[in-house]
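These notes concern the structure reproduced below.
2 protein chains.
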Amino acid sequence: MLYISSKDNQKLKMLIKLKQKKHRDQFGNFVLEGFKSVELAMENGRTIDSIFMSTTYYRDNLKKYKELAGVASERIYIVEDRLLKASFDTVSPQGIMALCSIEDFTFDKIDYEKAYRVVMLDRVQDPGNLGTIIRTADAAGYDMVVCTRGCADVYSPKAVRATMGSVLNIDILREVNGEEFIAYVKNLGYKIISSSLEGSLNYKDVSVTDKSVLVFGNEGSGIDKTILNESDHLVKIPIYGKAESLNVSVAAGILLYHFSPDY
Amino acid sequence: MLYISSKDNQKLKMLIKLKQKKHRDQFGNFVLEGFKSVELAMENGRTIDSIFMSTTYYRDNLKKYKELAGVASERIYIVEDRLLKASFDTVSPQGIMALCSIEDFTFDKIDYEKAYRVVMLDRVQDPGNLGTIIRTADAAGYDMVVCTRGCADVYSPKAVRATMGSVLNIDILREVNGEEFIAYVKNLGYKIISSSLEGSLNYKDVSVTDKSVLVFGNEGSGIDKTILNESDHLVKIPIYGKAESLNVSVAAGILLYHFSPDY
């Protein structure tokens with residue numbers, strides 16, 4: 010184990026840098042917070058680059074540390090409390106963080122025999138919404154989440170936190186060209202169902218038995234027109250009261266469960 | 010109209026104070042942000058105490074100002090941009106804000122002939138979740154939202170923002186004693202449906218035709234035991250994947266639409 014007691018420590022500097030997307034892309038790692046997430050990453054066979062614990066956390070959780078024995082001792086860093094606090098003033102660091110490798114892959118490499126129900130997010134810009142939808146997709150039994158170019162980054166601290174660990178449970182593609190992806194999966198026989206305020210069908214009147222891609226759009230402008238034009242169904246959630254619309258992660262929850270696979 | 014150019018102005022100080030609950034309770038007012046909300050409050054016949062606009066907003070939106078002619082000129086304040094910015098550094102003030110009166114009432118005064126479908130929130134602590142559920146309840150056509158003591162305050166800036174105006178559209182009771190409220194409405198013939206991870210019934214197998222109260226609980230500890238014991242149905246949303254749970258505002262969205270009134 011290595012102790013970090015200076016803000017100039019290179020490893021600590023890297024941890025802080027990973028708040029920014031360009032550095033996550035550069036190093037191929039993102040930050041997981043909290044013991045549960047770190048443990049889950051290990052259970053799921055993810056590659057952990059290194060673990061950081063505050064001095065207090067390390068002292069109070071020696072038992073938990075033993076459960077992390079899979080990580081080589083020289084990749085565990087104990088950071089002085091004040092340093093960790095100063096580095097993460099805007100969030101509430103849980104005393105333990107890990108650098109976990111980002112697993113990026115391209116959509117033509119996906120095993121579409123296994124990916125039966127897919128969620129596609131078209132330029133969803135709020136990281137909280139993005140993370141919450143990934144969590145819901147995991148809960149509702151979907152096989153894959155596809156994020157187009159223009160979405161918030163899945164691996165930003167806020168999005169990762171909102172997934173509550175689901176970022177580790179479900180296959181995620183990011184920075185996908187939405188138009189190309191839709192063309193590709195249509196060719197494989199998927200039905201495209203797009204959620205749209207201007208949809209012509211009440212979602213309750215639509216059911217899906219085929220392989221499908223369920224699409225949600227940007228908070229302000231909705232789904233890109235090209236994708237709407239290629240869709241097999243445009244479905245809407247009716248508004249009965251005076252509200253103008255629903256929050257996108259709430260709308261996704263309603264539709265993901267309505268169209269969830271039958272178990 | 011009155012110009013405010015000093016941070017010591019009493020009216021500006023009051024506006025800033027209303028970020029805190031004790032002052033909202035003291036003055037009986039909360040802050041609405043943005044033109045759309047202010048306009049909606051007027052349409053809904055709510056009492057507007059005063060309106061604040063930044064110098065720039067006022068200059069750029071003279072037309073909109075005319076639409077607010079219902080508010081007496083001496084209750085409209087033009088605030089220097091830098092002052093408004095300095096006072097609301099944590100949010101993005103939209104250049105126009107209003108003080109709107111809080112309409113509090115007690116549950117024994119409600120017209121239960123009109124309140125057919127009720128949502129009850131038991132100690133929901135995140136203001137974003139609280140506001141989002143109010144927005145969804147409005148969209149799904151519910152008649153009333155009841156917040157127990159221990160909920161985040163409906164009239165906090167973050168909760169109000171998350172409602173996207175629905176705080177003005179739907180009757181809201183706050184700081185209610187949950188146990189008393191449940192006893193009261195059961196006596197009036199309402200069915201109590203509680204959402205619980207330990208629920209025995211899949212929500213899809215339950216339908217409601219009577220008057221009902223749909224209950225959601227605290228993000229960590231769920232619904233209070235006393236309320237669970239008084240419930241007619243405990244329903245759960247099944248988890249098909251590896252996620253441990255759903256976000257409470259997503260869960261509320263799924264159930265509110267499933268049990269929404271038939272139009």
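If you read the protein sequences in the order shown, they are chains A and B.
Using the numbering used here, the first residue of the first sequence is number 10, and each one after it goes up by one.
Using the numbering used here, the first residue of the second sequence is number 10, and each one after it goes up by one.
Here a beta-carbon is modelled for each residue, glycine too, at the ideal position from N, C-alpha and C.
Of the candidates I236(A), S205(A), G208(A), I236(A) places its Cα closest to the Cα of A192(A). Using a C-beta cut-off of 8 Å, the stretch 60 to 78 of chain B makes contact with the stretch 39 to 50 of chain B, since at least three inter-stretch Cβ pairs fall below that distance. Rounded to whole angstroms, the gap between the alpha carbons of H242(A) and K220(A) is 13 Å. Scanning its chain for C-beta atoms nearer than 6 Å, with the 5 sequence neighbours on each side dropped, one finds around L11(B) the residues Y86, in chain order. Listed along chain A, no residue sits closer than 9 Å to V215(B) by beta-carbon distance, the nearest being about 14 Å off.
Under the 7 Å criterion on CB atoms, G54(B) is classed as non-interfacial with respect to chain A. Annotation note: the stretch 15 to 52 of chain A contains the following uninterrupted alpha helix (DSSP H) runs of length 4 or greater, listed N- to C-terminal: 19 to 26, 30 to 36, 44 to 52. From the beta-carbon of S221(A), no residue of chain B is found nearer than 8 Å; the closest lies around 16 Å away.
In the DSSP assignment, E184(A) falls within the beta strand (DSSP E) that extends over 180 to 185. Taking the CA atoms as reference points, S258(A) sits about 6 Å from I142(A). Between G150(A) and P247(A) a beta carbon distance of about 25 Å is seen, past the 8 Å cut, so the two are scored as non-contacting. When the beta-carbon positions are compared, L255(B) and A148(A) come within less than 7 Å of each other. At a cut-off of 7 Å, the C-beta of Y249(B) has a neighbouring C-beta in chain A. Chain B has no Cβ within less than 7 Å of the Cβ of G229(A).
Annotation: Cβ neighbours of G150(A) in chain B (cutoff 8 Å, chain order): Y249, G250. In the same chain as E83(A), and ignoring 5 residues on each side of it, no C-beta atom comes closer than 6 Å to its own. Not one beta carbon of chain A lies nearer than 7 Å to the beta carbon of G208(B). Straight through space, the alpha carbons of N178(B) and L21(A) are spaced by roughly 49 Å.
Look at the beta carbons and you see the stretch 201 to 208 of chain B not touching the stretch 161 to 174 of chain B: under three pairs across the two are nearer than 8 Å.
Residue state for N211(A) is assigned as strand, using DSSP reduced to three classes.
Chain order gives the chain B residues near L255(A) as R144, T145, A148, G262, where near means a beta carbon separation below 8 Å.
At a C-beta separation below 8 Å, S175(B) has these neighbours in chain A: G250, K251, A252. Identification of residues in the stretch 116 to 143 of chain A having a C-beta nearer than 7 Å to some C-beta of chain B yields T141, given in sequence order. By alpha-carbon distance to M106(B), the top candidate from G208(B), F61(B), G262(B), T56(B) is F61(B). For V224(A), the nearest beta carbon of chain B is not closer than 7 Å to its own beta carbon.
Taking each of E239(B), F44(B), A81(B), N53(B) in turn and checking the Cα distance to K72(B), the smallest one comes out for F44(B). DSSP places Y125(A) outside any beta strand (DSSP E), giving it a letter other than H or E. Under DSSP, no beta-bridge partner is assigned to S82(A). In the DSSP assignment, L197(B) falls outside any alpha helix (DSSP H), carrying neither H nor E. In its chain, beyond the 5 residues on either side, N38, D58, S59 have a beta carbon closer than 6 Å to the beta carbon of L108(B).
In the structure shown, Y74(A) falls within a helical segment according to DSSP collapsed to helix, strand and coil. Non-local beta-carbon contacts of V133(B) in its own chain, meaning distances under 6 Å to residues more than five positions away in sequence, involve L139, C160 in chain order. Counting only the Cα atoms, F190(B) lies some 21 Å from T218(B). Look at the stretch 165 to 197 of chain B: the residues with a C-beta under 9 Å from a C-beta of chain A are A171, T172, M173, G174, S175, L177, N178, I179.
Around K245(A), the same chain offers S204, S205, L206, E207, G208, S209, L210, N211, Y212 as residues with beta carbons nearer than 8 Å, after the five sequence neighbours per side are excluded. Against chain A, the beta carbon of I202(B) has no neighbour under 7 Å; the closest one sits roughly 17 Å away.
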